[in-house]
Each structure stands twice: as structure tokens, then as C-alpha cells.
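Presented below is the structure to which this report refers.
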Amino acid sequence: MDLSGKHIVLGLTGGIACYKAAELCRALINEGATVQVVMTQAAAEFITPVTMQALSGRTVYDSQWDAREANNMPHINLSREADAILIAPCSADFMAKLLHGRADDLLSLMCLARPIESVPLLLAPAMNREMWAHPATQRNMATLKTDGTKILGVGNGDQACGETGDGRMLEPQELLQDVIAFFHPKVLAGHHVLVTAGPTFEAIDPVRGITNLSSGKMGFAIARAAQEAGAKVTLIAGPVSLPTPRGVMRINVKSAQNMLDATLAHVDAATMFIATAAVADWRPAAQIDRKIKKDASGAVPQLQFVENADILANVAKSPRARSGQLFCVGFAAESHDLLAHATAKRARKGVPVLVGNIGPATFGQDENALLVVDVHGATEIPRNSKLALARTLIQNLAGRLAVQTV
Ligand code: CTP
Numbered sequence: 539m540d541l542s543g544k545h546i547v548l549g550l551t552g553g554i555a556c557y558k559a560a561e562l563c564r565a566l567i568n569e570g571a572t573v574q575v576v577m578t579q580a581a582a583e584f585i586t587p588v589t590m591q592a593l594s595g596r597t598v599y600d601s602q603w604d605a606r607e608a609n610n611m612p613h614i615n616l617s618r619e620a621d622a623i624l625i626a627p628c629s630a631d632f633m634a635k636l637l638h639g640r641a642d643d644l645l646s647l648m649c650l651a652r653p654i655e656s657v658p659l660l661l662a663p664a665m666n667r668e669m670w671a672h673p674a675t676q677r678n679m680a681t682l683k684t685d686g687t688k689i690l691g692v693g694n695g696d697q698a699c700g701e702t703g704d705g706r707m708l709e710p711q712e713l714l715q716d717v718i719a720f721f722h723p724k725v726l727a728g729h730h731v732l733v734t735a736g737p738t739f740e741a742i743d744p745v746r747g748i749t750n751l752s753s754g755k756m757g758f759a760i761a762r763a764a765q766e767a768g769a770k771v772t773l774i775a776g777p778v779s780l781p782t783p784r785g786v787m788r789i790n791v792k793s794a795q796n797m798l799d800a801t802l803a804h805v806d807a808a809t810m811f812i813a814t815a816a817v818a819d820w821r822p823a824a825q826i827d828r829k830i831k832k833d834a835s836g837a838v839p840q841l842q843f844v845e846n847a848d849i850l851a852n853v854a855k856s857p858r859a860r861s862g863q864l865f866c867v868g869f870a871a872e873s874h875d876l877l878a879h880a881t882a883k884r885a886r887k888g889v890p891v892l893v894g895n896i897g898p899a900t901f902g903q904d905e906n907a908l909l910v911v912d913v914h915g916a917t918e919i920p921r922n923s924k925l926a927l928a929r930t931l932i933q934n935l936a937g938r939l940a941v942q943t944v
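According to the working numbering, the sequence shown is numbered sequentially starting from 539.
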């Protein structure tokens with residue numbers, strides 16, 4: 539569970555998005571966090587403290603005059619024990635209040651009284667699009683950021699008022715991802731990671747093609763882990779239907795040639811290239827733009843193939859890669875003799891690190907094990923979920939960057 543041991547104060551202010559806070563509370567708890575809900579009076583007009591108490595399993599606080607605390611200081615006690623205060627939804631009015639350091643209700647009092655270095659404040663704004671776009675709100679947000687407040691952004695879409703635009707509170711699952719990411723050490727801050735993922739699809743004719751069993755899960759997990767580690771991430775994805783990790787820029791491609799073109803278009807901005815894609819080695823030599831039909835003779839089509847360009851090997855030969863400005867990482871999906879094949883492949887591709895795994899054991903699976911091969915030898919990352927492996931791998935790679943390129 540990604541939030542085990544974390545204690546979150548979940549603050550609710552007035553807004554229709556309070557209904558989403560109920561689900562957010564449950565999502566945080568499902569990831570192992572303990573949640574203390576604090577509500578403003580306006581929030582209690584939208585959702586009852588009873589609901590939030592039932593979901594959080596703790597008494598909800600909504601008044602600075604609450605005498606249940608022995609010292610009568612809920613604003614001190616509740617804020618001292620928190621790993622973070624998350625205000626979701628955060629109204630425009632509450633942002634304005636925070637900005638001025640006002641403290642006339644328990645939640646704003648707690649934000650002001652929190653130890654600023656050890657208890658971060660995260661805001662999930664929720665408001666009408668005109669309120670969001672208003673210069674006062676934008677100005678307040680900019681100042682809150684300079685005060686060290688983390689603003690988690692807003693969604694775009696239909697609003698309760700009937701209008702459409704920016705200002706919706708992010709969905710509970712999106713906020714959950716952002717909170718999880720927030721707690722990860724930013725070991726790749728300032729870096730730009732380019733990841734290829736998934737299979738490619740080589741067309742035979744307009745309705746058929748050749749692909750492979752890669753699910754893209756490992757590459758997507760690596761993109762997420764790199765983003766959590768503070769990198770800007772561009773993900774070039776072959777044909778898979780996985781959701782795009784939060785905060786990651788995704789480019790969908792089909793063929794190996796499309797993947798090569800997209801990689802070459804983005805690699806100059808990158809400081810790390812991680813090639814997890816299972817790129818097709820060959821494509822049909824002829825481009826056939828009409829469906830191949832059976833005929834009465836029973837003759838089968840005779841396909842000719844040509845080899846696809848090796849994306850990783852080409853990038854690894856570039857001047858930026860050779861000079862250490864771009865750190866290249868390859869993957870190898872093998873069926874046997876993993877260490878020997880991965881070691882040989884690392885040398886053949888000309889990359890500092892190559893990560894080996896057993897293809898049939900990983901394709902489509904949620905778990906895997908990795909073998910990280912470099913010039914000194916091999917280190918195993920034992921079997922775990924792909925996300926856990928990706929996080930360990932990113933830590934490992936970030937350590938190498940610190941030594942080699944930054
Ligand atoms: N790769 C690539 N472009 C290709 C083929 C492979 O960028 N045309 C990258 C993969 O993304 C991976 C690494 O090269 O990072 C190794 O891929 P793999 O399919 O295991 O190796 P191949 O080079 O295809 O060798 P072989 O099929 O002989 O195992």
C-alpha cells in the first residue's frame with residue numbers, strides 16, 4: 539500500500555465537490571493512510587460530518603472551540619500529528635483566506651498553525667470556471683505557491699452550475715495518485731525522461747498485422763515512477779489501452795517506424811531514454827493498401843520482410859548519448875539464459891545499463907523480476923509488482939545519473 543504509515547488531515551471547504559471527498563477519503567484509507575477529517579461550516583452544508591466520520595473511522599472536527607481535546611487546542615494537536623494537510627475541495631474563498639493567513643475557523647487556523655517545514659499543505663481547488671480564471675484567484679494561487687503550498691491543479695469539464703471549463707476538482711483517483719507522488723523523493727528533479735513502451739504493430743494489409751504479447755505495463759509503470767521522482771516524462775506508447783500515468787505526456791504510435799520517428803522528435807530534450815518497448819524486429823516489405831483476399835486456388839500469400847531500424851542502438855550512438863548528456867537504458871525480453879543474453883545485448887546496443895527479464899514471465903503480467911546489467915555485472919531486483927520494480931529501478935538509475943551526468 540502506497541500510503542502506509544501516512545497520516546493525512548483531509549480538510550473540506552464549501553463546494554459541491556465535497557461529494558468527491560467522500561470517495562477520496564476512502565481511497566486514501568485503502569492505500570494505508572489514516573485520515574482525520576476537518577470540515578468548515580460551509581462544507582457541512584454539502585456533506586454531513588456523519589458521512590465523513592463513517593468513512594474515516596474518526597470523529598470529524600469542525601470547530602476551533604471543540605472541547606473534546608484535553609488542552610482545548612485541536613488546531614495544534616491535529617496539525618502536529620499530520621504528514622500532510624490536504625484540502626479537497628478547496629474553495630476560492632478558502633484560498634483567499636489562506637493567502638492572508640486568516641484563522642477564524644478550525645481548518646484555516648490549523649493551516650496557519652502547522653509546522654510549515656514538516657507538514658506540507660496540498661490544495662485541490664474546486665470552483666466555477668469564471669472564479670478559477672479570475673485574476674484574483676490566479677494571483678492568490680501564485681502567491682500561495684511561493685509560500686510553499688502545493689496546488690494540485692483542476693480538471694476541465696461540465697460543472698455543477700451548468701457551465702463547462704476549468705475549475706472542477708480533480709477526480710478522487712487522480713488526487714490519490716498526486717498525493718502518492720508527492721511523498722516520493724524527487725531524485726529525478728530537473729530531468730526529462732523519454733520512455734518507449736508496449737508492442738508495435740506492423741501492418742500486412744489494412745485489416746491485418748503482426749504484433750507481439752507485450753502489454754506495456756512495465757513501461758507505463760516506469761513512466762509513472764519517473765514522474766513520481768520529479769522528472770518531466772514523455773511516454774511513446776505502442777498500441778495498448780492502458781491509462782496514461784498522471785502528469786505524463788503520452789504519444790501514441792503504431793509501427794516501429796512511427797516509434798522511431800516519435801523518439802527522434804523528442805530525444806533531444808531528454809536526459810534519460812528508457813527503451814522498454816518490444817519493438818517488432820521485422821515488417822512486411824510491401825505496403826499493401828487493399829485487403830489480401832483468398833482465391834479459389836488456395837494459394838497462401840508469400841510475405842517478404844525487411845528489418846526495422848533499432849531505435850535504442852541508434853539513439854545510443856548519438857553524440858548526446860556518447861557525451862553522457864543522455865543516459866540510455868535498454869530492456870531485454872528473453873526466453874532463456876537471461877544473464878548471458880542481457881550481458882551480450884548491453885554491449886551490442888552500446889548502452890550503460892540494460893534490464894533483462896524473461897519475456898513469457900512478464901508479458902501481460904502485473905508482477906515481474908528484473909536483472910540490471912552494467913559494465914560491472916548484474917544485480918537482481920526480486921519479484922514484485924511492476925510498479926514497485928519500476929520505483930526501485932528509477933532509484934537505481936537516478937543514482938547513476940548523479941554520478942555520471944549531472
Ligand atoms: N529495441 C529498439 N528497436 C528495435 C528493437 C529493439 O529500440 N528495433 C530496443 C528494445 O526497446 C529494448 C532493446 O532494444 O530496449 C532490446 O530489445 P529486444 O527485442 O530484447 O532485442 P533485439 O534487439 O530485438 O534482439 P533479439 O530479438 O535478437 O533478442
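C-beta atoms are modelled at their ideal positions from N, C-alpha and C, and glycine is treated no differently.
- Out of Ile789, Ala580 and His730, the CA that lies nearest to the CA of Glu766 is found in His730.
- Assigned with DSSP and collapsed to three states, Met539 falls in coil, not helix or strand.
- In this structure Thr917 is exposed. Its beta-carbon is surrounded by fewer than 16 other beta-carbon atoms within 10 angstroms.
- The beta carbons of Gln863 and Thr782 sit about 27 Å from each other, so the pair does not count as a contact at 8 Å.
- Note that the C-beta distance between Thr578 and Thr551 is below 7 Å.
- The beta carbon of Ile896 sits no closer than 6 Å to any heavy atom of the ligand CTP.
- Considered as a whole, the stretch 778 to 827 harbours 794 to 804 as its complete alpha helix (DSSP H) runs of no fewer than 4 residues, in chain order.
- Contact annotation: Phe865 and Val893 have beta-carbon atoms that are not nearer than 7 Å.
- Judged by the Cβ position, Phe869 qualifies as a neighbour of the ligand CTP at the 6 Å threshold, a heavy atom of the ligand being closer than this.
- An exposed status is given to Arg860, since fewer than 16 other beta-carbon atoms sit within 10 Å of its beta-carbon.
- Between the alpha carbons of Glu905 and Ala592 lies a gap of roughly 34 Å.
- Here the C-alpha atom of Val725 lies approximately 16 Å from the C-alpha atom of Leu732.
- Residue pairing by DSSP places His730 opposite Lys770 in a beta bridge.
- Excluding five sequence positions before and after Val745, the CB atoms of its chain that fall closer than 6 Å to its own CB belong to Lys829, given in chain order.
- By the C-beta density criterion, Met539 is exposed, having fewer than 16 other C-beta atoms within 10 angstroms.
- Buried is the label assigned to Lys924, since at least 16 other Cβ atoms lie within 10 Å of its Cβ.
- The beta carbon of Asn694 sits closer than 6 Å to the beta carbons of Asp704 from its chain, once the five residues preceding and following it are set aside; these are given in chain order.
- Your pair Phe758 and Ala735 checks out as a contact, with CB atoms roughly 6 Å apart and the cut at 8 Å.
- The residue among Gly639, Leu650, Thr702 and Asp643 with its C-alpha nearest the C-alpha of Met669 is Thr702.
- Of the candidates Pro627, Lys855 and Ala634, the residue whose Cα lies closest to the Cα of Val889 is Lys855.
- With a 10 Å radius around the Cβ and a threshold of 16 neighbouring Cβ atoms, Asn678 comes out buried.
- Here Val771 is not near Ile812, since their CB atoms are 7 Å or more apart.
- Arg860 sits in a helix when the DSSP states are folded into three classes.
- Relative to the ligand CTP, Ile812 has its C-beta separated by 6 Å or more from all heavy atoms.
- Straight-line measurement puts the Cα of Ala837 at about 39 Å from the Cα of Lys883.
- Residue nearest to Val575 within the set Ile546, Ile554, Phe901 and His879 is Ile546 (criterion: CA-CA distance).
- The beta carbon of Pro737 is closer than 6 Å to those of Thr749, Asn750, Ser752, Gly776 and Ala816 in its chain, skipping five residues each way along the sequence.
- Ala871 is the residue among Val778, Trp820, Ala871 and Ala571 whose C-alpha sits nearest the C-alpha of Thr814.
- The beta-carbon separation of Ser629 and Val657, rounded to 21 Å, does not stay under the 8 Å limit for a contact.
- When C-beta atoms of the stretch 594 to 606 are compared with those of the stretch 682 to 697, fewer than three pairs fall below 8 Å, so the two segments do not count as touching.
- For Val838, the shortest C-beta to heavy atom distance toward the ligand CTP is 6 Å or greater.
- The three-state secondary structure of Leu708, taken from DSSP, is coil.
- Here Asn666 is buried: its Cβ has 16 or more other Cβ atoms, across all protein chains shown, within 10 Å.
- Non-local C-beta neighbours of Arg858 in its own chain, meaning closer than 6 Å and more than five positions away in sequence, comprise Leu864, ordered along the chain.
- Boundaries cannot be given for Gly776, as no alpha helix (DSSP H) includes it and DSSP labels it neither H nor E.
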